[in-house]
Amino acid sequence: MVRFALGLAGVDYEEEFIRTRQDMLDLMPKLRYGQVPMLETPEGERLVQTGAILRYIARKFDLYGKAEGKEERVDEIIEASSDAMGSGLLDVAMRYKNGQSFEEAASTEGVKCMRWIKAWEAQMDAGKFIAGTEKPTVADSCALRVVEEAIEVLGEDEVLGQQPKLAAWRKTMLQVPNIAKFLKVTLPSRSCPAPLCQSAISSSSQSSHRMPSTVDDASAKQYHKEVAAGLGW
3 MVRFALGLAG VDYEEEFIRT RQDMLDLMPK LRYGQVPMLE TPEGERLVQT GAILRYIARK
63 FDLYGKAEGK EERVDEIIEA SSDAMGSGLL DVAMRYKNGQ SFEEAASTEG VKCMRWIKAW
123 EAQMDAGKFI AGTEKPTVAD SCALRVVEEA IEVLGEDEVL GQQPKLAAWR KTMLQVPNIA
183 KFLKVTLPSR SCPAPLCQSA ISSSSQSSHR MPSTVDDASA KQYHKEVAAG LGW
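Taking our numbering, the leading residue of the sequence shown gets 3, the next gets one more, and so forth.
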């Protein structure tokens, strides 16, 4: 969600990926709570915790809906978006990696996000952005991240077929110049047929060494020891 917010703000940024265990261990001294994401500002300040980073971006780039008195609504959707992503969407790739079929993982875990998507549809004011503002806010970038991930997992018709107001909102958001530019550069193949998506998930899962698959695994225990040592636990 942080990248989508920076995209909406039109901010150029340098992204550093954690590809190996050593990458994470090298980063540990900079991480206040031993977890990512982390945003390092031009002033050298390091911010962690997704919500704090999103609110920093919202305040700095006037994406909080303050002029329209919608900050609380924006806050609500930031939190709802985090819950929606954590409800099962991010589990689909891991379950697929561990042997569950993509369809089963999507239908049991991925579909849980529809609770939030349907709520946004019910609350959407026609012609306005998702927090009821006249201009897009960080709430829109967060919700768009959820919707795009859901479409990737479940398909556009499943996600938006019964959500006409949200579908119209998404179309508007994809035409916002900063978002269109961001998606073109960052996610050039967002819309792909299910078999290709499955292949991409499989490939990325197999090549990832960020985290061991299970906490019972010997390498997982060693990783946890190294992380704990890095944090001084």
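Virtual Cβ for every residue (Gly too), placed ideally from N, Cα, C.
Treat the numbers as computed from the prediction; the structure is a model and nothing was measured.
How many Å lie between Arg34 and Glu105 at the Cα? Working through the sequence shown from its first residue, we reach residue 34 at position 32. Working through the sequence shown from its first residue, we reach residue 105 at position 103. Going by the C-alpha atoms only, they are around 38 Å apart.
Three-state class that DSSP yields for Glu42 in the structure shown: Position 40 of the sequence shown, counting from 1, holds the residue named residue 42. The answer is strand: DSSP assigns Glu42 an E or B state.
For the beta strand (DSSP E) containing Ala49, list its first residue and its last residue. Here residue 49 corresponds to residue number 47 of the sequence shown, with the count starting at 1. Correcting the residue type first, residue 49 is Leu in the shown sequence and not Ala. For Leu49, the enclosing beta strand (DSSP E) starts and ends at Arg48 to Val50.
When you compare the segment 130-148 with the segment 93-103, are there three or more beta-carbon pairs, one atom per stretch, that lie closer than 8 Å? By the Cβ criterion, the segment 130-148 is not in contact with the segment 93-103, since fewer than three pairs of Cβ atoms, one from each stretch, lie closer than 8 Å.
Taking the beta carbon of Thr52 as the centre, do at least 16 other beta carbons fall within 10 Å, making it buried, or is it exposed? Your numbering for residue 52 matches position 50 in the sequence shown. Counting of Cβ neighbours within 10 angstroms places Thr52 among the buried residues, the total reaching 16 or more.
Since Gly115 is in the alpha helix (DSSP H), which residue starts that stretch and which ends it? For the purposes of this step, residue 115 is identified with residue 113 of the sequence shown, where counting begins at 1. In the sequence as presented, Gly is not what sits at residue 115; that position holds Cys. Cys115 -> no alpha helix (DSSP H), and no H or E assigned at all.
Near Trp122, which residues of its chain fall below 7 Å by C-beta distance, leaving aside the five closest residues on each side in sequence? Numbered from its first residue, the sequence shown carries residue 122 at position 120. The residues are Ile132, Ala145 and Leu168.
Per-residue DSSP class, three states only, for Val13: Indexing the sequence shown from 1 puts residue 13 at position 11. The three-state secondary structure of Val13, taken from DSSP, is coil.
Sorted by chain position, which residues of the same chain lie with C-beta nearer than 8 Å to Asp159's C-beta, five sequence neighbours on each side aside? In the sequence shown, residue 159 corresponds to position 157, counting from 1. Only residues of its own chain outside the window of five on either side were considered, and among them none has a CB closer than 8 Å to the CB of Asp159.
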